[in-house]
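Asks: Going by the working numbering, the sequence shown opens with residue 2, and the numbers climb by one from there.
Even for Gly, the Cβ is constructed at its ideal location relative to N, Cα and C.
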Amino acid sequence: MSLAITAAASILVPFACALLIVLTPRKADEALCITGAAIASIATLLVGWSFASGGMATQTFTFLAFGGVPIMGFVFDKVSVLLAPTFVIIGLLVVIYSTAYMRPTNREHPDEPRRRYYAFMIIFIAAMAGLVYSSTIIGQLVFFEITGACSWALIGYYDTDIARKSAMKALIVTHIASLGLYLAACILFIQTGTFELTAIASLSTGWKTFVMLSILFAAWGKSAQLPFYMWLPSAMNAPTPVSAYLHGASMVKVGVCIFARALIDAGQVPEVVGWVVVIGGIITCVFAFLMYLPQKDMKRLLAFSTISQLSYIFLAFGFYIFGSDMAFVGGIMHIFNHAWAKTLFFLIAGAFSCTMGTRMLPQLRGVLKKRPILGVGFAVAALAIAGCPPLNGFFSKFYIFAGGFQAATENGALMFIVIVALIETVGCFIWFLKWIGSVLFGEPSEEVAKAAPLPKAMSAVFVVLIIMTFCSSFIAAAWLG
Numbered sequence: 002m003s004l005a006i007t008a009a010a011s012i013l014v015p016f017a018c019a020l021l022i023v024l025t026p027r028k029a030d031e032a033l034c035i036t037g038a039a040i041a042s043i044a045t046l047l048v049g050w051s052f053a054s055g056g057m058a059t060q061t062f063t064f065l066a067f068g069g070v071p072i073m074g075f076v077f078d079k080v081s082v083l084l085a086p087t088f089v090i091i092g093l094l095v096v097i098y099s100t101a102y103m104r105p106t107n108r109e110h111p112d113e114p115r116r117r118y119y120a121f122m123i124i125f126i127a128a129m130a131g132l133v134y135s136s137t138i139i140g141q142l143v144f145f146e147i148t149g150a151c152s153w154a155l156i157g158y159y160d161t162d163i164a165r166k167s168a169m170k171a172l173i174v175t176h177i178a179s180l181g182l183y184l185a186a187c188i189l190f191i192q193t194g195t196f197e198l199t200a201i202a203s204l205s206t207g208w209k210t211f212v213m214l215s216i217l218f219a220a221w222g223k224s225a226q227l228p229f230y231m232w233l234p235s236a237m238n239a240p241t242p243v244s245a246y247l248h249g250a251s252m253v254k255v256g257v258c259i260f261a262r263a264l265i266d267a268g269q270v271p272e273v274v275g276w277v278v279v280i281g282g283i284i285t286c287v288f289a290f291l292m293y294l295p296q297k298d299m300k301r302l303l304a305f306s307t308i309s310q311l312s313y314i315f316l317a318f319g320f321y322i323f324g325s326d327m328a329f330v331g332g333i334m335h336i337f338n339h340a341w342a343k344t345l346f347f348l349i350a351g352a353f354s355c356t357m358g359t360r361m362l363p364q365l366r367g368v369l370k371k372r373p374i375l376g377v378g379f380a381v382a383a384l385a386i387a388g389c390p391p392l393n394g395f396f397s398k399f400y401i402f403a404g405g406f407q408a409a410t411e412n413g414a415l416m417f418i419v420i421v422a423l424i425e426t427v428g429c430f431i432w433f434l435k436w437i438g439s440v441l442f443g444e445p446s447e448e449v450a451k452a453a454p455l456p457k458a459m460s461a462v463f464v465v466l467i468i469m470t471f472c473s474s475f476i477a478a479a480w481l482g
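(1) Which value, in whole angstroms, describes the spacing of the CA atoms of VAL278 and PHE379?
(2) Alpha carbon to alpha carbon, how far is ARG165 from ALA478?
(3) State the DSSP-derived secondary structure class of PHE323, mapped to helix, strand or coil.
(4) Along the chain, which unbroken stretches of the beta strand (DSSP E) at least 3 residues long are found entirely within the segment 55-92?
(5) Where GLY386 and SER460 are concerned, what is the direct C-alpha to C-alpha distance, given to the nearest angstrom?
(6) Between SER474 and chain B, is the shortest Cβ-Cβ distance under 9 Å, so that the two count as touching?
(7) Can you give me the start and stop residues for the alpha helix (DSSP H) that THR285 sits inside?
(8) Going by alpha carbons, who is nearest to ILE322 out of THR100, SER51, ALA263 and ILE124?
(9) Could I get the ranges of all uninterrupted alpha helix (DSSP H) runs contained in the segment 179-251, with 4 residues as the minimum, in chain order?
(10) Closer than 8 Å is the cut-off here; do at least three beta carbon pairs connect the segment 283-300 with the segment 220-227?
(11) Go through the segment 356-409 residue by residue and report every complete run of the beta strand (DSSP E) that reaches 3 residues or more, in order.
(12) How long is the line joining the alpha carbons of LEU369 and PHE346, rounded to whole angstroms?
(13) Can you check which of these residues, ILE173, ALA41, ARG366 and ASP30, is closest to GLY438 by C-alpha distance?
(14) With a Cβ-Cβ cutoff of 9 Å, do VAL253 and LEU233 count as a contact?
(15) Say whether the segment 26-39 touches the segment 74-94, bearing in mind that this needs 3 or more beta-carbon pairs closer than 8 Å, one atom from each stretch.
(16) Extract the residue ranges of the alpha helix (DSSP H) inside the segment 5-64, only unbroken runs of 4 or more that lie entirely within it.
(17) Can you tell which of PRO240, GLY149 and SER235 has the C-alpha that lies nearest to the C-alpha of ALA220?
(18) Is ASP298 helix, strand or coil when you go by DSSP?
(19) Would you check if the distance between the CB atom of PHE315 and the CB atom of LEU415 is smaller than 9 Å?
(20) List the DSSP bridge partners of SER135.
(21) Where does LEU311 sit, in a helix, a strand or coil, going by DSSP?
(22) Should THR59 and VAL48 be called a contact, given that it needs their Cβ atoms to be closer than 9 Å?
(23) Does the distance from the CB of GLY404 to the CB of ALA317 come in under 9 Å?
(24) Taking the alpha carbon of GLY351 as the reference point, which residue from LEU4, PHE430 and ARG104 has its own alpha carbon closest?
(25) Roughly how many whole angstroms lie between the Cα atoms of GLY56 and LEU83?
(26) Would you be able to state if there are at least three C-beta pairs under 8 Å between the segment 330-339 and the segment 391-399?
(27) CYS472: which of SER205, TRP341 and ASN107 sits nearest, CA to CA?
As structure tokens, then:
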């Protein structure tokens, strides 16, 4: 029970802080948001400590039931207890970074943040913890919708025509996708009399296929996979800290998390689901790669890169359906690793905008000489996303591809998909290597030479993220066994 109470604190305290932000004077919003995120971070870490101390056995708690039917509850296992603190701690780092970014001194977007920025950010953080811990499909739906509402508010934060349109696009597209989760909830209850995700395992083959594909439909929408990708590049009109949280640890991670939970609880999954997953994954992977090649705006390049990286996670889950446990571990590791690396990459882009007035890559040159920490952060993030050892992306991609080859040993079509994905990751490495050479070295360009000093809050966040980009794979490997 103590696990459930502590987990509940990681959700309820941020909601209480959001209410206080709305009710108290403007000057208190930053402190309240940081305090709420810090308490939630500590709570999720305490959940992890208690879970590990108790032998790491899976535990489920129901805290809301109606007529004997569990409506909402928590599940604590190696996956939820690994990912919840990740998403919450990254949220805390993004909020700390925001205190330096959301300022009138920002050269690209001068701003004095309104209270709603911090109110929605802290709710976003709470919703991610709630979604990861949820043991029922109704619980997932509640937090699924809360993340959608928060993303709408934050993407449209600048209140320009294009920002409002981008926010509405994200809301509409992800809500269309959410119909899959609503449909899955209805079928699960009709067939089993419960909303608990573990009930998926008891479904007949036909209904299990239907429910899994419905959840996949919702997952594709949140994780911006084809045909739902269009909302994510448009979401780059949000403030860069919001973009970092959207890509690193919130909206796009909702999709892969709900599908991972379904796989954990479903038992044997029909192969037809695996084929839909891997075919959708490889098409999205290649499409996103081709789309980010011509991008010069760093945020748009990273947006399409995120779509591509998430497709690796779906491929890993597809390989798991075909029999590779190693691929599933690789997929969970990649959720964890990508969160740290992509958050770092986006926040570096924000620092370019804030101190240099641009994030257009052709205008950035000689960054390493003028701003060493930005240069190191750019290189670390780029090489991690590209899967270069000893950075975290290499290890999770290694597990995914090893699992893919394991699953495809006697399956020519599946082997073709694995090889195409491997070619794409080599192309990704080459492309990011090109930008490392272009952006970091040489004499500083005019924009770089005139850069404003980097705020201390940003520097501190970068140090933490750089360390985690080196270390997260070892943490995940030790935790997942």
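Replies: According to the structure data:
(1) Spanning the two alpha carbons is a distance of roughly 32 Å.
(2) Roughly 41 Å separates the two Cα atoms.
(3) DSSP places PHE323 in coil when its eight states are reduced to three.
(4) Within the segment 55-92, the complete beta strand (DSSP E) runs of at least 3 residues fall at 60-67 and 70-77.
(5) Per the sequence shown, the amino acid found at residue 386 is Ile instead of Gly. Answer to the nearest angstrom: the Cα atoms are 21 Å apart.
(6) In the displayed structure, chain B is absent; only one protein chain is listed.
(7) Here the alpha helix (DSSP H) through THR285 covers 272-293.
(8) Looking at the Cα atoms, ALA263 is the closest of the given residues.
(9) Listed in chain order, they are 206-223, 232-235 and 241-249.
(10) Enough Cβ pairs lie closer than 8 Å, so yes.
(11) For the segment 356-409, not a single whole beta strand (DSSP E) run of length 3 or above is found.
(12) LEU369 and PHE346: Cα-Cα distance of roughly 15 Å.
(13) Answer by Cα proximity: ARG366.
(14) Taking 9 Å as the Cβ cut-off, VAL253 and LEU233 qualify as a contacting pair.
(15) Three or more Cβ pairs closer than 8 Å define a contact, and the segment 26-39 meets that threshold against the segment 74-94.
(16) Fully enclosed alpha helix (DSSP H) runs of 4 or longer: 30-54.
(17) The shortest C-alpha separation from ALA220 is found at GLY149.
(18) ASP298 falls in the strand class under three-state DSSP.
(19) Going by C-beta atoms, PHE315 is not nearer than 9 Å to LEU415.
(20) In the DSSP assignment, SER135 forms a beta bridge with PHE75.
(21) Reduced to three states, the DSSP call for LEU311 is helix.
(22) No; because the gap between Cβ atoms is not below 9 Å, this pair is not in contact.
(23) Their beta carbons are under 9 Å apart, which means GLY404 touches ALA317 by this criterion.
(24) For GLY351, the closest alpha carbon among the candidates LEU4, PHE430 and ARG104 is that of ARG104.
(25) Note on geometry: alpha-carbon atoms of GLY56 and LEU83 lie some 15 Å from one another.
(26) Flag = yes, the segment 391-399 and the segment 330-339 touch.
(27) Among SER205, TRP341 and ASN107, the Cα nearest to that of CYS472 is on TRP341.
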